[in-house]
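Read through the structure below, which is laid out as structure tokens, and then see the notes.
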Amino acid sequence: MSKMRAVQVSQPGGPFEIVEREIPEPGAGTVRIKVEACGICHSDSITKEGHFPGIQYPRVPGHEVVGVIDVVGEGVAGWTAGQRVGVGWNGGYCGYCENCRRGNFFACSIAGQVTGIHYDGGYADYMIAPASALALVPDELSALEAGPLMCAGLTTFNALRNSGARPGDLVAVLGLGGLGHLGVQFAAKMGFRTVAIARGTDKEALAKQLGAHLYIDSQAQDPAAELTKLGGAKIILATVTNGEAMNATMGGLSVGGKLMVLGAAESLNVSPLLLIMGSRSVAGWYSGTSIDSQDTLAFSVLSGVRSMNEVFPLEQVNEAYERMMSGKARFRIVLTTGN
Ligand SMILES: NC(=O)c1ccc[n+]([C@@H]2O[C@H](COP(=O)([O-])OP(=O)(O)OC[C@H]3O[C@@H](n4cnc5c(N)ncnc54)[C@H](OP(=O)(O)O)[C@@H]3O)[C@@H](O)[C@H]2O)c1
Ligand SMILES: [Zn+2]
């Protein structure tokens, strides 16, 4: 068998096409992965719609990939065929350019790439990934469990552990989608007093099940006022795709509190007075490296954090993607190849 199935987008805004392609051969410094599962992240809309400079089409999306190393390319040390690995948003780095030596792996000027954007991702039977993008997947996690941890999990875990919040602090997670439902679990397991904020009442029971101590319905209540009543949030982890929803929480930051923006909303209104009078801040958080992914996987094994998934076969990618975009997914949709 030298052919495989791949889901490609041929042009910005175009549909997903299920095509047959040659199984690619790994070049120097890369491995071939036989893909088992790939989560559908809201950021895959960037590839689908062309919201990123320099995407070459056709392109295969997917950056929550888990599978098994099938063939190891030339010059790859430390990885062997048969190992279970994952690939996330950070598609690799050289490790020796000036940016990498400063620890700014995302700014790597030699090999810095985004999986599923600059090269083909995991909506396929096989993919090629640079060795520096690989995370080792522990035996305790199935491919379906590990997939969403490669981006949704990694981003929320890494943001929270670098947020400056300490055990007992009030941490609010805004939005209960793929990222948010993992953010709530991580926040609770890290020992924060965890508040989930989402639209409507139907997610309240699920939020509590995921470990939220408190729930705010942003449609029926004023989230800023509710957070203020609770003493103010040290951290608001904003996973929503909507700037107004973020604006509506900002007044609920405590003195020294910080809004951590994860969701790619179009714009945000920030009141300078709110920031100044209370030394509050607004900061972005961008994903993490492959070793941060390994930390996320290890913490999830340790603490029992698991993604709540809806599983679709690769062929049903259009239906699966639409369901994610509609906000109906509870909470992450994962594609399986059957490999
Ligand atoms: N910073 C990073 O490194 C990074 C990494 C991965 C993803 N992202 C970005 O993070 C965001 C979330 O990704 P995801 O995969 O978790 O998406 P998702 O599963 O589709 O969830 C989207 C979330 O946005 C909220 N939302 C959507 N429309 C809204 C509206 N009109 N008003 C208020 N809330 C609205 C939903 O809130 P409810 O729960 O209230 O329905 C839901 O929680 C995306 O923008 C994605 O591109 C960033
Ligand atoms: Zn993602």
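Counting in my numbering, the sequence shown runs from 1361 upward without gaps. Built from N, CA and C at the ideal position, the CB exists for glycine as well. These numbers come from a predicted model, not from an experiment.
For A1512, the shortest separation between its Cβ and any heavy atom of ligand 1 lies below 7 Å. Excluding its 5 nearest sequence neighbours in each direction, Q1473 has C-beta neighbours in its own chain below 7 Å: G1451, G1452, Y1479, listed in chain order.
Nearest C-alpha to G1638 among G1611, L1534, P1673, S1578: G1611. Remark: the C-beta of K1563 is in contact range of ligand 1, defined as less than 7 Å to any heavy atom. Assignment of beta-bridge partners to A1366 by DSSP yields V1379, A1484.
Under DSSP, F1691 takes part in no beta bridge, so it has no partner. A heavy atom of ligand 2 is found nearer than 7 Å to the CB of S1403. For a cut-off of 8 Å, the C-beta gap from G1482 to V1428 is around 13 Å, too long to register as a contact. The three-state reading of DSSP puts P1673 in strand, counting E and B together. Residue environment analysis places F1412 among the exposed positions, since fewer than 16 neighbouring C-beta atoms fall within 10 angstroms of its C-beta.
If you check the CB distance, E1409 and P1375 do not come in under 8 Å.
By the criterion of a C-beta distance shorter than 8 Å, A1495 is surrounded in its chain by V1445, G1446, V1447, G1448, M1510, S1650, I1651, S1653, Q1654, L1657, once the five residues flanking it on both sides are discounted. If you draw a 10 Å sphere on the C-beta of L1662, you find fewer than 16 other C-beta atoms in it, and that means exposed. The distance from the Cβ of A1580 to that of I1557 is about 11 Å, inconsistent with a contact at the 8 Å cut-off. Where R1392 is concerned, the enclosing beta strand (DSSP E) starts and stops at 1390-1400.
Burial check for K1589: the Cβ neighbour count within 10 Å stays below 16, so the residue is exposed. Under DSSP, G1540 takes part in no beta bridge, so it has no partner.
Taking 7 Å as the cut-off, the C-beta of V1395 does not count as close to any heavy atom of ligand 1. Collapsing the DSSP output to three states places V1445 in a strand. Put simply, the backbone Cα of T1390 is about 11 Å away from that of T1440.
For L1534, there is no enclosing alpha helix (DSSP H); the enclosing beta strand (DSSP E) covers residues 1530-1534. Residue burial is scored here from C-beta neighbours: Y1646 has fewer than 16 other C-beta atoms within 10 angstroms and is therefore classed as exposed. Around the CB of E1679, fewer than 16 other CB atoms lie within 10 Å, so the residue is classed as exposed. Taking all protein chains shown into account, S1469 has fewer than 16 neighbouring C-beta atoms within 10 Å of its C-beta and is therefore exposed.
With 16 or more other CB atoms across the displayed protein chains lying within 10 angstroms of its CB, G1513 is buried.
For Y1681, the Cβ stays outside the 7 Å cut-off from all heavy atoms of ligand 1. Between G1571 and K1549, the C-beta gap is smaller than 8 Å, which places the two residues in contact.
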